[in-house]
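S.K.: Quick one: this structure, given as structure tokens, is what I'll be asking you about.
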Amino acid sequence: MKKHDAAKLLVEKAKIIVQEAEEQMEECKLLLSDDLKGYEEAKKALKEGGLDESEALLLELGYADNSEETIEEDSVVFEPKEDLEPIVLQDVSSGKFTGFLLSVLGGVGTLAGLVYLATEKLGITLDVTKIPTSDTMTTILGWFSTLFGAAPDTFLGGAFLLFAVLAVMGIIYAIRVSIKGNKNLHFATKQLEEAEAYTAHKGNCKEEMDRVDVHIHDAIATLKTYQVLFNEQKGKLQRILHIEGEKEELS
Numbered sequence: 013m014k015k016h017d018a019a020k021l022l023v024e025k026a027k028i029i030v031q032e033a034e035e036q037m038e039e040c041k042l043l044l045s046d047d048l049k050g051y052e053e054a055k056k057a058l059k060e061g062g063l064d065e066s067e068a069l070l071l072e073l074g075y076a077d078n079s080e081e082t083i084e085e086d087s088v089v090f091e092p093k094e095d096l097e098p099i100v101l102q103d104v105s106s107g108k109f110t111g112f113l114l115s116v117l118g119g120v121g122t123l124a125g126l127v128y129l130a131t132e133k134l135g136i137t138l139d140v141t142k143i144p145t146s147d148t149m150t151t152i153l154g155w156f157s158t159l160f161g162a163a164p165d166t167f168l169g170g171a172f173l174l175f176a177v178l179a180v181m182g183i184i185y186a187i188r189v190s191i192k193g194n195k196n197l198h199f200a201t202k203q204l205e206e207a208e209a210y211t212a213h214k215g216n217c218k219e220e221m222d223r224v225d226v227h228i229h230d231a232i233a234t235l236k237t238y239q240v241l242f243n244e245q246k247g248k249l250q251r252i253l254h255i256e257g258e259k260e261e262l263s
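Residue numbers (the numbering used here): 13 to 263.
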């Protein structure tokens with residue numbers, strides 16, 4: 013597998029694990045929101061289902077709380093810990109486009125250098141402001157065929173020049189893509205490590221939320237138990253108040 017392809021796979025893996033972690037966190041937040049609503053409803057049911065009436069009955073029976081302490085009602089507020097900044101995952105480019113541009117520049121430079129070499133060997137001075145004549149081009153291209161022992165030949169020389177230019181372009185392109193592939197793989201690996209650390213932090217938050225969820229459910233169950241007890245006490249207090257009223261009438 014090419015390094016660029018491997019880097020793309022690592023980037024996709026990082027995106028998947030981050031997305032899954034974010035979705036789990038959102039589910040936990042929704043669950044806790046529902047739990048807190050249930051807790052508040054259980055508190056309200058406790059007050060309306062026996063607590064307030066029991067306090068009123070105690071006052072009627074003369075059991076008043078003379079303490080000066082003011083008891084403030086507890087309220088549950090869920091505040092998540094300071095979270096990490098959202099991670100931004102970046103895609104990787106293959107480097108093919110920049111490799112192509114660099115190879116074109118390298119090819120043009122190679123062509124200019126070889127033509128200059130030929131003119132130096134042939135003792136020809138080119139006027140760069142004018143297009144060379146066909147005779148001049150034939151002479152220059154023919155010289156290239158002599159480099160490998162052949163007679164001056166325009167076709168062979170042109171083929172050699174074209175091959176040399178394309179070879180240089182191919183080498184530059186391959187080097188650029190290879191370097192970019194190495195950088196991409198290193199970048200994608202580091203990004204995956206950051207994504208794993210991010211999801212691990214999110215996982216810890218999820219575990220804490222799960223524990224809070226359990227505590228809230230326990231608290232709701234306790235409130236419901238107290239509601240039953242207060243209902244029983246309310247009935248007892250009503251009977252006591254009724255008996256006390258009868259005693260007063262008899263006396």
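Think of the CB as a built atom: it goes at the ideal place given N, C-alpha and C, for glycine as much as any other residue.
Taking the continuous alpha helix (DSSP H) assigned at M28, which residues delimit it?
M.R.: Walking along the sequence shown from the start, residue 28 turns up at place 16. Met is not the amino acid found at residue 28; the sequence shown has Ile there. For I28, the uninterrupted alpha helix (DSSP H) run begins and ends at K15 to L58, by DSSP.
S.K.: Please report the Cβ distance between L173 and L126, rounded to the nearest whole angstrom; I am assuming they are in contact, meaning their Cβ atoms lie under 8 Å.
M.R.: To locate residue 173, count along the sequence shown from 1; it is residue 161. To locate residue 126, count along the sequence shown from 1; it is residue 114. That belief holds up - the Cβ atoms of L173 and L126 are roughly 6 Å apart, short of 8 Å.
S.K.: Alpha carbon to alpha carbon, how far is K14 from E32?
M.R.: Here residue 14 is taken as the residue at index 2 of the sequence shown, counted from 1. Here residue 32 is taken as the residue at index 20 of the sequence shown, counted from 1. Looking at the two C-alpha atoms, the distance is approximately 27 Å.
S.K.: Name the two residues that bound the continuous alpha helix (DSSP H) containing K108.
M.R.: The residue you call residue 108 lines up with position 96 of the sequence shown. Its alpha helix (DSSP H) spans residues K108 to L134.
S.K.: If you count every other CB in all the chains shown that lies within 10 Å of the CB of I184, and 16 or more means buried, which is it?
M.R.: By one-based count along the sequence shown, residue 184 stands at place 172. Burial call: buried.
S.K.: For K25, collect the residues of the same chain with a Cβ closer than 7 Å to its Cβ; drop the 5 residues on either side in sequence, then sort them by chain order.
M.R.: The residue labelled residue 25 in the question sits at position 13 within the sequence shown. The residues are L204.
S.K.: Considering Cα atoms alone, identify which of I232, M221 and A231 is closest to C40.
M.R.: On the sequence shown, residue 40 is found 28 positions in, with the first residue counted as 1. When each option's Cα is compared against that of C40, the closest is M221.
S.K.: Give a yes or no on whether the C-beta atoms belonging to I99 and Y210 are separated by under 8 Å.
M.R.: Position 87 of the sequence shown holds residue 99. Position 198 of the sequence shown holds residue 210. In this structure, I99 places its C-beta atom within 8 Å of the C-beta atom of Y210.
S.K.: Could you check whether V180 and G135 sit closer than 8 Å to each other, using their CB atoms as the reference points?
M.R.: Reading the sequence shown from its first residue, position 123 is the one you call residue 135. Reading the sequence shown from its first residue, position 168 is the one you call residue 180. Taking 8 Å as the Cβ cut-off, G135 and V180 do not qualify as a contacting pair.
S.K.: For the alpha helix (DSSP H) containing I99, list its first residue and its last residue.
M.R.: By one-based count along the sequence shown, residue 99 stands at place 87. Where I99 is concerned, there is no enclosing alpha helix (DSSP H), given that its DSSP letter is neither H nor E.
S.K.: By how many angstroms is the C-alpha of I252 removed from the C-alpha of A231?
M.R.: Position 219 of the sequence shown, counted from the start, is the residue given in the question as residue 231. Position 240 of the sequence shown, counted from the start, is the residue given in the question as residue 252. Whole-angstrom Cα-Cα distance: 31 Å.
S.K.: First and last residue of the alpha helix (DSSP H) that includes F160?
M.R.: Position 148 of the sequence shown, counted from the start, is the residue given in the question as residue 160. Here F160 belongs to no alpha helix (DSSP H), and DSSP marks it neither H nor E.
S.K.: With distances taken between CB atoms, is the gap from V104 to K20 smaller than 8 Å?
M.R.: Here the question's residue 104 lines up with position 92 in the sequence shown. Here the question's residue 20 lines up with position 8 in the sequence shown. Closer than 8 Å, so yes.
S.K.: Note down, one range per segment and in chain order, each beta strand (DSSP E) of at least 3 residues found wholly within the region 140–224.
M.R.: none
S.K.: Taking the straight line between their C-alpha atoms, what separation do you get for T148 and L22?
M.R.: In the sequence shown, counting from the first residue as 1, residue 148 sits at position 136. In the sequence shown, counting from the first residue as 1, residue 22 sits at position 10. Computed Cα separation, rounded: 55 Å.
S.K.: On the CB-based measure, 16 or more other CB atoms within 10 Å of its CB, does S66 come out buried or exposed?
M.R.: Working through the sequence shown from its first residue, we reach residue 66 at position 54. That one is buried.
S.K.: Cβ atoms of G154 and P144: under 8 Å apart, would you say?
M.R.: The count along the sequence shown starts at 1 and reaches residue 144 at position 132. The count along the sequence shown starts at 1 and reaches residue 154 at position 142. No; because the gap between Cβ atoms is not below 8 Å, this pair is not in contact.
S.K.: Helix, strand or coil for T234 per DSSP?
M.R.: Against the sequence shown, residue 234 aligns to sequence position 222. Per DSSP, reduced to three states, the secondary structure at T234 is helical.
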